[in-house]
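Undergrad: Numbering (this note's numbering), first residue to last: 7 to 301. Ideal placement from N, C-alpha and C gives every residue a C-beta, glycine not left out.
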């Protein structure tokens with residue numbers, strides 16, 4: 007199960023996930039062309055240097071897709087290299103659609119037969135949470151994970167995520183829905199009829215389905231009456247490092263519960279990649295050490 011594999015990777019390598027975001031300025035600072043070939047070299051070098059250093063990497067699909075078929079081929083190679091190196095992948099695609107279209111997305115990114123298959127993906131629930139069912143089903147069938155956008159750091163997201171419905175904020179409903187799917191997944195895995203992933207609310211065993219909660223949202227979750235730890239799975243927290251989040255900000259967002267239970271996978275990109283190909287591994291180790299206060 008993905009939650010177990012991720013927990014083991016975080017226990018061994020720390021709570022850091024490095025985003026593979028080959029921005030134009032980063033390619034240039036590495037002396038690489040702004041092209042599919044440059045993106046390929048950038049990403050493969052990052053996988054090589056970060057192997058054995060971090061729990062996971064998070065390739066941002068858009069930076070590959072912008073170069074067409076050659077860029078997508080570079081993404082396929084990056085995912086394959088990560089598998090070979092034993093690094094878990096979170097493919098940041100934020101897909102969300104309905105019916106057979108969502109099913110096709112799920113096959114593209116979660117079916118082991120696909121060259122684009124990752125260990126986990128990000129998805130958007132804003133065409134209706136139930137529309138994501140094909141992704142949950144295929145992920146469960148193949149031991150993969152799904153991270154659902156819940157509380158993102160962009161200001162525009164608030165008008166939907168913070169909106170109040172009959173059962174509270176929209177983001178809170180997403181947390182509850184993810185928790186329900188984790189309960190079923192864990193019950194199926196161990197044959198129990200447990201109603202929650204862990205009786206004390208902690209991720210003693212993490213489910214395969216998680217949330218995306220920005221590390222820079224401050225006290226928004228608390229103000230909305232939401233505890234992201236209730237999802238019972240991993241929480242992807244982008245925004246660490248160059249975007250301004252550190253331990254203090256993570257505690258403001260999550261409190262001690264999610265951090266102490268090992269649910270938070272903190273994501274940084276520029277803070278590591280800007281160190282260049284020779285320095286990124288040490289930058290990742292330094293950031294992991296700084297995040298060691300989680301426990």
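Looking at the strands, I want to know which residues DSSP matches up with residue 98.
TA: For residue 98, which the question treats as bridged, DSSP gives the partners 66.
Undergrad: Among 166, 247, 260, 259, whose alpha-carbon lies nearest the alpha-carbon of residue 295?
TA: For residue 295, the nearest C-alpha among the options comes from 247.
Undergrad: For residue 222 and residue 77, what's the separation of their Cα atoms in angstroms?
TA: Distance between the alpha carbons of residue 222 and residue 77 is about 30 angstroms.
Undergrad: From residue 201 to residue 43, what distance separates their C-alpha atoms?
TA: Residue confidence is low: residue 201 scores 44 on pLDDT, short of 50, so the model does not pin down where it sits. No coordinate-derived value is stated.
Undergrad: From this set, 152, 88, 84, which residue's C-alpha is nearest residue 111's C-alpha?
TA: That would be 152, whose Cα lies nearest to the Cα of residue 111.
Undergrad: Between residue 269 and residue 256, what straight-line distance do the alpha-carbon atoms span, to the nearest angstrom?
TA: Cα to Cα, the separation comes out at about 12 angstroms.
Undergrad: Between which two residues does the beta strand (DSSP E) carrying residue 127 extend?
TA: Start and end: 126-129.
Undergrad: Among all the DSSP beta bridges, which residues are the ones paired with residue 23?
TA: DSSP, once it has assigned bridges, lists 62, 273 as partnering residue 23.
Undergrad: How do the region 102-111 and the region 62-78 stand: do at least 3 beta-carbon pairs fall below 8 angstroms, yes or no?
TA: Segments in contact, no.
Undergrad: For residue 95 and residue 291, which I take to be in contact (beta-carbon distance under 8 angstroms), what is that distance rounded to the nearest angstrom?
TA: Residue 95 to residue 291, Cβ: 20 angstroms. No contact.
Undergrad: Closest to residue 297 by C-alpha separation, out of 253, 261, 41, would be which residue?
TA: When only C-alpha atoms are compared, the closest one is 253.
Undergrad: Excluding the 5 residues flanking residue 205 on each side, which residues of the same chain have their C-beta closer than 7 angstroms to its C-beta?
TA: With a pLDDT of 37 at residue 205, under the threshold of 50, the predicted position of this residue should be treated as unreliable, and no value is reported.
Undergrad: Going along the chain, which unbroken runs of the alpha helix (DSSP H) with 4 or more residues stay wholly within the region 140-203?
TA: Here the runs fully enclosed are 164-167, 176-196.
Undergrad: Pick out whichever of 244, 215, 289 has its Cα sitting closest to the Cα of residue 159.
TA: Checking every option, the nearest Cα to that of residue 159 belongs to 244.
Undergrad: Along the alpha helix (DSSP H) that carries residue 110, what are the first and last residues, could you check?
TA: Where residue 110 is concerned, the enclosing alpha helix (DSSP H) stretches over 105-116.
Undergrad: Contact between the region 226-242 and the region 130-150: three or more CB pairs below 8 angstroms?
TA: No, the region 226-242 is not in contact with the region 130-150.
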